[in-house]
Amino acid sequence: MPSEYPFILTPSLLSSDFSRIGEELAALEQAGLEWVHWDVMDGAFVPNITFGPPVIKACRTQSKLFFDVHLMIEQPDRYLSEFVDAGADLLCVHAEACTHLERTVSEIVRLGAKCGVALNPHTPLDVVEYLLPQLDMVLVMSVNPGFGGQKFIPFTKKKMQRLRAMIQEQKLSTHIQVDGGITPENIREMAGHGANVFVSGSAFFGFPPYADRYRTFLDALER
Ligand code: DX5
Ligand code: ZN
Numbered sequence: 052m053p054s055e056y057p058f059i060l061t062p063s064l065l066s067s068d069f070s071r072i073g074e075e076l077a078a079l080e081q082a083g084l085e086w087v088h089w090d091v092m093d094g095a096f097v098p099n100i101t102f103g104p105p106v107i108k109a110c111r112t113q114s115k116l117f118f119d120v121h122l123m124i125e126q127p128d129r130y131l132s133e134f135v136d137a138g139a140d141l142l143c144v145h146a147e148a149c150t151h152l153e154r155t156v157s158e159i160v161r162l163g164a165k166c167g168v169a170l171n172p173h174t175p176l177d178v179v180e181y182l183l184p185q186l187d188m189v190l191v192m193s194v195n196p197g198f199g200g201q202k203f204i205p206f207t208k209k210k211m212q213r214l215r216a217m218i219q220e221q222k223l224s225t226h227i228q229v230d231g232g233i234t235p236e237n238i239r240e241m242a243g244h245g246a247n248v249f250v251s252g253s254a255f256f257g258f259p260p261y262a263d264r265y266r267t268f269l270d271a272l273e274r
């Protein structure tokens, strides 16, 4: 499927083997992946807890992958510089967790990282409309955040489509990331609705070897 936007697959480490994250990162790089998705959860914004800056920092020294960091945490402003210092290439904050979203976005840009805003499935697109020129990416959550392996929520397809139209209307090239329930079976449909950065956790890590699985996702896009 030809696209004016680059297609990027970013495997979610949430479904990787946490006892061997360094090796998992090396295996992804070896398989030809360029991005990796870190799901940071604080047990408050979402009912689950994962990892924070020290783990990312420890892995940064071992990996050249683009670290795409999805912050599912309350009041992310408290930790932005720590995550950038740890080696995050892109920080994505949830609009629902930021009272002063423009301030948070400006701070991420000031710190020198790429900036994304994530929206829960029910959150309207209006919250990012005026911020789009400042953003590298908008993350459309296609499950309620907190856990891997959940079922894709169909109405989010309409949302991706409207967001792509909004981005084109403003003559921007903002990435649209879709996160939750993405598989080789539905990735092409996501691209058709305007998404170009695809997160996959359970449908990726559950199917080694990773080079073959990556090929399966890419083939599904090109079909
Ligand atoms: C959910 C996370 C996702 C999740 C995706 O809170 O943001 O990144 O790990 O996992 P799958 O692909 O299994 O839905
Ligand atoms: Zn995520």
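Residue 52 is where the sequence shown starts when you use this note's numbering, and the numbers rise one by one after that.
Backbone N, C-alpha and C fix where the C-beta goes; we use that ideal spot for every residue, glycine too.
Proximal residues to Ala262 (C-beta, below 7 Å), its chain only, five neighbours per side dropped: Counted from its first residue, the sequence shown places residue 262 at position 211. Residues Ala82 and Gly83 of the same chain have their beta carbon placed closer than 7 Å to that of Ala262, with the five preceding and five following residues left out of the count.
Between the CA atoms of Glu273 and Asp119 - distance to the nearest angstrom: Along the sequence shown, one-based indexing puts residue 119 at 68. Along the sequence shown, one-based indexing puts residue 273 at 222. Looking at the two C-alpha atoms, the distance is approximately 24 Å.
Judging by CA-CA distance, which residue of Lys208, Leu190 and Leu162 is the nearest neighbour of Gln228? Position 177 of the sequence shown, counting from 1, holds the residue named residue 228. Nearest option by C-alpha distance: Leu190.
Name the DSSP beta bridge partners of Gln219, please? Residue 219 sits at position 168 when you count from the first residue of the sequence shown. DSSP output for Gln219 lists no bridge partner at all.
At which residues does the alpha helix (DSSP H) containing Phe255 begin and terminate? In the sequence shown, the residue the question calls residue 255 occupies position 204. Its alpha helix (DSSP H) spans residues Ser253 to Phe256.
Anyone know if the C-beta pair for Leu142 and Ile159 falls short of 7 Å? Along the sequence shown, read from residue 1 onward, the residue named residue 142 stands at position 91. Along the sequence shown, read from residue 1 onward, the residue named residue 159 stands at position 108. The answer is yes: Cβ separation under 7 Å.
Check each candidate in Ala78, Ala137 and Gly231 and name the one with the smallest Cα separation from Phe102. Position 51 of the sequence shown holds residue 102. Nearest C-alpha to Phe102: Ala137.
What separation, rounded to the nearest whole angstrom, lies between the Cα atoms of Thr174 and Leu76? Taking the first residue of the sequence shown as position 1, residue 174 is located at position 123. Taking the first residue of the sequence shown as position 1, residue 76 is located at position 25. Using only the alpha carbons, I get a separation of about 32 Å.
Taking the straight line between their C-alpha atoms, what separation do you get for Ser193 and Gln113? On the sequence shown, position 142 is the one that residue 193 refers to. On the sequence shown, position 62 is the one that residue 113 refers to. Each residue's alpha carbon lies about 31 Å from the other.
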